[in-house]
Amino acid sequence: MPETATVTPELERLLLSTIPTGLLIYGEWRDASGGGTFAVEDPATGKKLLEIADATSADAMAALDAADAVRASWARTAPRVRAEILRRGFELVTERAEDFALLMTLEMGKPLAEARGEVTYGAEFLRWFSEETVRDYGRYLTSPEGKNKILVQRKPVGPCLLITPWNFPLAMATRKVAPAIAAGCTMVLKPAKFTPLTSLLFAQVMQEAGLPAGVLNVVASSSASAISGPLMKDSRLRKVSFTGSTPVGRRLLADASHNVLRTSMELGGNAPFIVFEDADVDKAVQGAMAAKMRNMGEACTAANRFLVHESVAEDFTSKFAAAMGSLTLGRGTDPGTAVGPIIDGGARKDIHALVTEAVEQGASVATGGIPQDGAGYFYPPTVLANVPHDATILASEIFGPVAPVTTFRTEEEAVRLANASEYGLASYLFSRDHARMLRVAEQIEFGMVGFNSGMISNAAAPFGGVKQSGLGREGGAEGLAEYTTAQYIAIPDPYAA
Ligand code: NAD
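All residue numbers for the sequence shown refer to my numbering, where the first residue is -18 and numbers rise by one.
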């Protein structure tokens, strides 16, 4: 579909008619064993988009059988071969950018312009890792006492289980699948039940790109544990890479201990957004809009706690509330929509409960705060002012378009408040002082720091958190290392005495 095309119901139907609805196992699209299906809905209307195969534990095992069957042959392919498949995948996703964007808008709700941005970001993992595939260096050195040579090579970890969330249906898949392909791993991908269609289309595109049967198997299911449970007990599986909430991550870490699996855990966040007294307030408001409103606030990197120096708090809050209040809510396919629906009714209820409790605890509503009636799960962009430091909302991952603003007096207090969280994923600092940026970055316990910037995600950068935000990194050279393991070979030095 060309970018200029108006989205009509006919165009939506046409796109949906091309999406595979089966399970991808050993290169074939199949029905679920037992023939079960589940419905995928549009969160803007609550209406069914498609009915797709609902994988069972038996299907999950068949997918692992496939991943195991081609494990050794795939690991031996030339890096250039894997690189070219990834590059072709990048080209095909880019050629079909409008299809991917519309599909994500339909199943997840984000506005079309944002979905297009995600296609660019998600496709970039395919290009970045295609370039990294041929540069996965080992090393060769003489041992310190001179008796041995030390040869270190990187080997693929082996069959991986990749579990993705619903908020970035394409990028969360490519961020795992691309480095796994680059490293020479085979895999079973389990997408979130709300947004499996994008992964199914992506898998089809990777088949077209020349990915051999069995390397990427996709099992969408209405029961996540029916897939992860048996797979993680099977000793052929060697790694689980999970992106999702911290409570589910904890459970999977416990399950991973059974077979001592390699794990990558990209979990929840509670990002502080610190505005110092010397910040350019207008730039800070722009940054706040990006850091808060990307994906309607349904992002692990979403700014969640606005810590603003008391001398600029009023100015910042009134400008921020005006910008938030001016955004148009609507179905993501409607031109002019800036804010789509929340993923489902339960999530919207949780968001509103946090707002109500914050107000009971002393916060005032600067804009928004009243959920919208009618079809779809809409929640208005909301700014809460004067939020007390001990309010529940500041300790919770909001995962919605709500911005609580609280104040601080000194740099030390800002750092203390920012670090007072079990999470440590993204953080944002706004100041004109570069020395302060480095000083605060040293003290702040977060895996990522945005300086005068509300957007930090980049395929070439190591994305990930500390504390209960997770383990490991995705993107950058670190993202490839997650799928390889070092093997050391000791060789006697022929010239050693
Ligand atoms: P979720 O934890 O509910 O689900 C994530 C995935 O795990 C889905 O595929 C789901 O089906 C599966 N899952 C759920 N229960 C499971 C179980 N018992 N066993 C195995 N798999 C299970 O999270 P979500 O609601 O899809 O996504 C939102 C969360 O993801 C937020 O906490 C957000 O911060 C986090 N997230 C983190 C990152 C990151 O990079 N750190 C990126 C995006 C989202």
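Each residue gets a CB set at the ideal place from its N, CA and C atoms; glycine is no exception.
Computed from a predicted model, the values in this text were never measured in an experiment.
With distances taken Cα to Cα, identify the nearest neighbour of Glu338 among Val368, Ala159, Gly355 and Ala328. Residue numbering aside, residue 338 sits at position 357 when the sequence shown is read from its first letter. Ranking Val368, Ala159, Gly355 and Ala328 by Cα distance to Glu338 puts Val368 first.
Opening and closing residue of the beta strand (DSSP E) in which Pro137 lies
In the sequence shown, the residue the question calls residue 137 occupies position 156. Start and end: Asn129 to Pro137.
- Out of curiosity, what's the CA-to-CA distance linking His333 and Gly17? In the sequence shown, residue 333 corresponds to position 352, counting from 1. In the sequence shown, residue 17 corresponds to position 36, counting from 1. Using only the alpha carbons, I get a separation of about 35 Å.
Out of Ala442, Glu279 and Thr167, state which residue places its alpha-carbon closest to the alpha-carbon of Pro322. On the sequence shown, position 341 is the one that residue 322 refers to. Pro322 has its Cα closest to that of Glu279, out of Ala442, Glu279 and Thr167.
Please tell me whether, using a cut-off of 8 Å, the distance from the CB of Arg81 to the nearest non-hydrogen atom of the ligand NAD is below it. Mapped onto the sequence shown, residue 81 falls at position 100. The residue asked about is misnamed: residue 81 is Phe in this sequence, not Arg. No, the beta carbon of Phe81 sits no closer than 8 Å to any heavy atom of the ligand NAD.
Report task. Measure the alpha-carbon distance for Cys141 versus Pro172 and round it to whole angstroms. Result -> Against the sequence shown, residue 141 aligns to sequence position 160. Against the sequence shown, residue 172 aligns to sequence position 191. If you take the alpha carbons of Cys141 and Pro172, they lie about 14 Å apart.
Can you tell me the Cβ-Cβ gap for Thr483 and Ile33, rounded? I've got them flagged as a contact below 8 Å. Outside the displayed span of the chain (-18 to 478) sits residue 483, for which this structure offers no information.
- Query: Where DSSP assigns a beta bridge to Pro211, which residues make up the other side?
  - Reply: Along the sequence shown, read from residue 1 onward, the residue named residue 211 stands at position 230. According to DSSP, Pro211 bridges with nothing at all.
For Gln468: DSSP bridge partner residues
Sequence index remark: in the sequence shown, residue 468 carries index 487 (1-based). According to DSSP, which records beta bridges pairwise, Gln468 is partnered with Gln134.
- Kindly confirm or deny that the region 366 to 381 and the region 254 to 272 touch, where touching means at least three C-beta pairs closer than 8 Å. no
Among Val51, Met153, Ala44 and Leu(-8), whose alpha-carbon lies nearest the alpha-carbon of Leu30?
As a first step, residue 30 is located in the sequence shown; it is residue number 49 there, counting from the start. Looking at the Cα atoms, Leu(-8) is the closest of the given residues.
For Ala104, the nearest candidate out of Asp23, Gly70, Leu87 and Leu84 (CA to CA) | Walking along the sequence shown from the start, residue 104 turns up at place 123. Checked all of Asp23, Gly70, Leu87 and Leu84; the closest Cα to Ala104 is Gly70.
Shorter than 8 Å, the distance from the beta carbon of Ile493 to the closest heavy atom of the ligand NAD, or not? Because the chain spans -18 through 478 in this model, residue 493 falls outside it and cannot be assessed.
Notebook entry, point to check: In the structure shown, what three-state DSSP assignment does Ser10 receive?
Noted result: Along the sequence shown, one-based indexing puts residue 10 at 29. Looking at the sequence itself, residue 10 is Trp, so the reference to Ser does not match. The answer is strand: DSSP assigns Trp10 an E or B state.
Exercise. Express the C-alpha separation of Gln468 and Arg243 in angstroms, rounding to a whole number.
Key: Numbered from 1 along the sequence shown, position 262 holds the residue referred to as residue 243. Numbered from 1 along the sequence shown, position 487 holds the residue referred to as residue 468. Cα-Cα distance, rounded: 15 Å.
ask   = I think Leu452 touches Met246, with their Cβ atoms under 8 Å apart; what is that distance to the nearest whole Å?
value = In the sequence shown, the residue the question calls residue 452 occupies position 471. In the sequence shown, the residue the question calls residue 246 occupies position 265. Leu452 to Met246, Cβ: 5 Å. Contact.
Margin query: Any heavy atom of the ligand ATP closer than 8 Å to the beta-carbon of Ile33?
Written below: The ligand ATP is not among the ligands present in this structure, which contains only the ligand NAD.
*Would Leu67 pass as a contact of Thr123 if the rule is Cβ separation under 9 Å?*
As a working mapping, residue 67 is identified with position 86 in the sequence shown. As a working mapping, residue 123 is identified with position 142 in the sequence shown. Their beta carbons are not under 9 Å apart, which means Leu67 does not touch Thr123 by this criterion.
Which residue from Val229, Ala13 and Ala252 puts its Cα closest to that of Gly435?
Taking the first residue of the sequence shown as position 1, residue 435 is located at position 454. For the residues Val229, Ala13 and Ala252, the minimum Cα distance to Gly435 belongs to Ala252.
Check: Nearest to Ala201 by alpha carbon, out of Ala36, Gly230, Phe175 and Val229?
Finding: Counting from 1 along the sequence shown, the entry for residue 201 is found at position 220. Closest by alpha carbon: Ala36.
Note to self: So, for Asp40: in the same chain, excluding its five sequence neighbours on each side, which residues have a beta-carbon less than 6 Å away from its beta-carbon?
What the structure shows: Taking the first residue of the sequence shown as position 1, residue 40 is located at position 59. Closer than 6 Å at the Cβ level, and outside the excluded window around Asp40, lie Leu4, Ala13, Ser14 and Val200.
>> Helix, strand or coil, according to DSSP, for Ile374 in the structure here?
In response: Residue numbering aside, residue 374 sits at position 393 when the sequence shown is read from its first letter. Three-state result, Ile374: helix.
Do Gly446 and Leu248 have their CB atoms nearer than 9 Å? One-based indexing of the sequence shown puts residue 446 at position 465. One-based indexing of the sequence shown puts residue 248 at position 267. Contact flag set, yes.
Note to self: Determine whether the beta carbon atoms of Thr155 and Val62 lie at a separation below 9 Å.
What the structure shows: By 1-based counting over the sequence shown, the position of residue 155 is 174. By 1-based counting over the sequence shown, the position of residue 62 is 81. Not a contact, by the Cβ cut-off of 9 Å.
- prompt: Using DSSP with H/G/I as helix, E/B as strand and the rest coil, what is Arg120?
  reply: One-based indexing of the sequence shown puts residue 120 at position 139. Shown here, Arg120 sits in a strand according to DSSP, grouped into three states.
So does Ile208 have its beta carbon nearer than 8 Å to some heavy atom of the ligand NAD? Translated into the one-based positions of the sequence shown, residue 208 becomes position 227. Flag set: Cβ of Ile208 near the ligand NAD.
**Prompt:** Which full runs of the alpha helix (DSSP H) of 4+ residues lie inside the region 124 to 196, going along the chain?
**Reply:** 152 to 164 and 177 to 189
Inset, instruction - Could you tell me whether the Cβ atoms of Leu406 and Gly250 are closer together than 9 Å? - result: In the sequence shown, counting from the first residue as 1, residue 406 sits at position 425. In the sequence shown, counting from the first residue as 1, residue 250 sits at position 269. For Leu406 and Gly250, yes; Cβs fall inside 9 Å.
* Asked: Which partner residues does Arg217 have in the DSSP bridge list?
  -> Along the sequence shown, read from residue 1 onward, the residue named residue 217 stands at position 236. In the DSSP output, where bridge partners are listed per residue, Arg217 has none listed.
Practice problem: Return yes when the C-beta of Glu99 is under 8 Å from any heavy atom of the ligand NAD, and no when it is not. | Solution: The count along the sequence shown starts at 1 and reaches residue 99 at position 118. Not under cutoff, so the answer is no.
- Exposure label - Ala441; buried when at least 16 CB within 10 Å: Within the sequence shown, residue 441 is the residue found at index 460, counting from 1. Exposed is the call here.
Could you check whether Gly195 and Ser38 sit closer than 9 Å to each other, using their CB atoms as the reference points? The residue you call residue 38 lines up with position 57 of the sequence shown. The residue you call residue 195 lines up with position 214 of the sequence shown. At a Cβ-Cβ threshold of 9 Å, Ser38 and Gly195 do not count as neighbours.
Q | For Ser408, the first and last residue of its enclosing beta strand (DSSP E) | A | Residue mapping note: residue 408 aligns to position 427 of the sequence shown, counting from 1. Residues Ala407 to Phe411.
Under three-state DSSP, which class holds Leu233? Counting from one through the sequence shown, the residue named residue 233 turns up at place 252. Reduced to three states, the DSSP call for Leu233 is helix.
Candidates Ser377, Ile131 and Asp414: closest to Phe257 by CA position: Walking along the sequence shown from the start, residue 257 turns up at place 276. It is Asp414.
Integer-rounded CB distance, given that Ile144 should sit under 8 Å from Gly225: Walking along the sequence shown from the start, residue 225 turns up at place 244. Walking along the sequence shown from the start, residue 144 turns up at place 163. The Cβ separation is near 7 Å, so the contact holds.
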